[in-house]
Amino acid sequence: MSIVVTGGAGAIGTALVNALAADRHPVRVLDLHAPESVPAGAEALRADIRDLAALTSALSGATAVVHLAGIPQEAPFPDLCEHNILGTYHVLEAARRAGVTRVVLASSHHTVGFHPVDRSLTPQDAPAPDTFYAVSKLAGEHLGYLYAHKHGLEVVAVRIGSFREHPTEPRHRHTWLSPRDATALLHSAATAPLADPYTVLYGISANTARWWPDTGWDTIGYRPQDDAAAHPAPGPLTDRWQGGGFAEHPGPQL
Ligand SMILES: NC(=O)c1ccc[n+]([C@@H]2O[C@H](COP(=O)([O-])OP(=O)(O)OC[C@H]3O[C@@H](n4cnc5c(N)ncnc54)[C@H](O)[C@@H]3O)[C@@H](O)[C@H]2O)c1
C-alpha cells in the first residue's frame, strides 16, 4: 500500500514523508526539487505536476496520493492557475488513469479567510476566499468533488490551518496545526475508510480557541493531540479577518 506525496520536499511534505517512512509505510516523494534527504524506505522522483504524463506514470501502482505540491501563498493569478488549478486537475486525472482511488488535497483555511475573527464557523458557512491563492484552493476542492462524484475517486480535501513547529503569532491560537497532528491527519485522510466519496474538513490541532468545526474528524479517526493554548500567548489578536495578513494583502501586481 504505497502513498505518493506530491510536494514531498516541502515543509509539510518532509514531515509527512518522514513520519510515513518511520512507520515503514512505502512512500514515493514527488517534487520539482530534490528533497534534502530521503528516509530509508522512501523513493524520490523529480517531476512537475504540470506534466500529466509524468504524473500518471509516477502514480502507477500507488494506493493513495497526498497532494501538497503547489504555490502556498498569494501569487499572480496565471501562476496559481498553472501550479495549483491545472496541477490539481492533473493529480486527479492521473489518479483516475492510474487506478489510484484515494486522493487527499491540501486545501487551505484561506478559503474562509474573509470571515471576521469574532465568529466561529459552522459546516454550513459559505467559503470566503481572501486571495487569488484561496480561489485556486477552492477550485481544487471543486475539482475533487467532481472527480469523486463522476469518476468514483475518494477525495478528502483538508483545509490546512497554520502548519508551524509552534504558534508564532496571535492568530495561531485559532489556526495552529502542529507537525505531529498534521502527519496523523494526512495519514488518516489517505488510509481510513470514508462515509462519503468527497469529504472536506479543517486541518488544525485541538485548539481551545478554534474558529472552525471538527466535522469529519471522527469519520477518518483524527484525534489531535496538541493545543495552541498550551504554548506561551504570542500577544493580543489584532487581525480583522480569519485569514490574517492574506486578507489584507493588496494583491500581486501583474
Ligand atoms: N504550511 C501551511 O501552513 C499551509 C496552510 C494551508 C495550506 N497549505 C498547503 O499545503 C501544501 C504544502 O504546503 P507547504 O507549507 O509544505 O509548502 P512548501 O512550499 O514548503 O512545499 C510545496 C512543495 O511543492 C513543490 N512544488 C511547487 N510547484 C510544483 C510543481 N509544479 N510540481 C511539483 N512540485 C511542485 C515545491 O517544490 C515545494 O517543495 C500547499 O499546497 C499549501 O498551499 C499549507
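The sequence shown begins at 0 in numbering that gives the first Met the number 0 and counts up by one. Just so it is clear, CB atoms sit at the ideal spot from N, CA and C, and this is done for glycine as well. It should be emphasised that the depicted structure is a prediction, and the values quoted were computed from it without experimental measurement.
Identified DSSP bridge partners for residue i
i, result
"residue 82", "Note: residue 82 sits in no beta bridge, so no partner."
"residue 30", "45"
"residue 247", "In the DSSP output, where bridge partners are listed per residue, residue 247 has none listed."
"residue 240", "115"
"residue 164", "Partner(s): none; residue 164 has no beta bridge."
"residue 102", "64 and 154"
"residue 56", "Beta-bridge pairing links residue 56 to no other residue."
"residue 107", "159"
Under 7 Å between C-beta atoms of residue i and residue j
i, j, result
"residue 39", "residue 26", "no"
"residue 194", "residue 218", "yes"
"residue 55", "residue 96", "yes"
"residue 192", "residue 147", "no"
"residue 14", "residue 182", "yes"
"residue 57", "residue 68", "no"
"residue 165", "residue 230", "yes"
"residue 210", "residue 119", "yes"
"residue 130", "residue 73", "yes"
"residue 254", "residue 142", "The question about residue 254 has no answer, for the chain in this structure spans 0 to 253."
"residue 227", "residue 171", "yes"
"residue 188", "residue 155", "yes"
"residue 6", "residue 30", "yes"
"residue 16", "residue 4", "yes"
"residue 169", "residue 234", "yes"
"residue 32", "residue 8", "yes"
Where residue i sits in the DSSP three-state scheme
i, result
"residue 144", "helix"
"residue 63", "strand"
"residue 36", "coil"
"residue 13", "helix"
"residue 5", "strand"
"residue 87", "helix"
"residue 139", "helix"
"residue 94", "helix"
"residue 133", "helix"
"residue 120", "coil"
"residue 77", "helix"
Inter-stretch contact (C-beta, 8 Å, three-pair minimum) for the segment 76-93 and the segment 136-156: A contact exists between the segment 76-93 and the segment 136-156.
Stretch pair the segment 157-164 + the segment 199-218: three plus CB contacts closer than 8 Å: Yes: at least three Cβ pairs fall under 8 Å.
Contact the segment 221-241 vs the segment 106-118: 3+ CB pairs below 8 Å: Yes: at least three Cβ pairs fall under 8 Å.
Touch test, the segment 60-74 against the segment 94-109, Cβ-Cβ under 8 Å, three pairs minimum: When Cβ pairs closer than 8 Å are counted between the two stretches, the segment 60-74 is seen to touch the segment 94-109, the count reaching three or more.
Inter-stretch contact at 8 Å, needing at least 3 Cβ pairs: the segment 215-234 / the segment 163-179: Output reads yes: the segment 163-179 touches the segment 215-234.
Residue ranges of each alpha helix (DSSP H) within the segment 160-241, 4 or longer: For the segment 160-241, whole alpha helix (DSSP H) runs of length 4 or above, ordered along the chain, are 171-174, 178-190 and 216-219.
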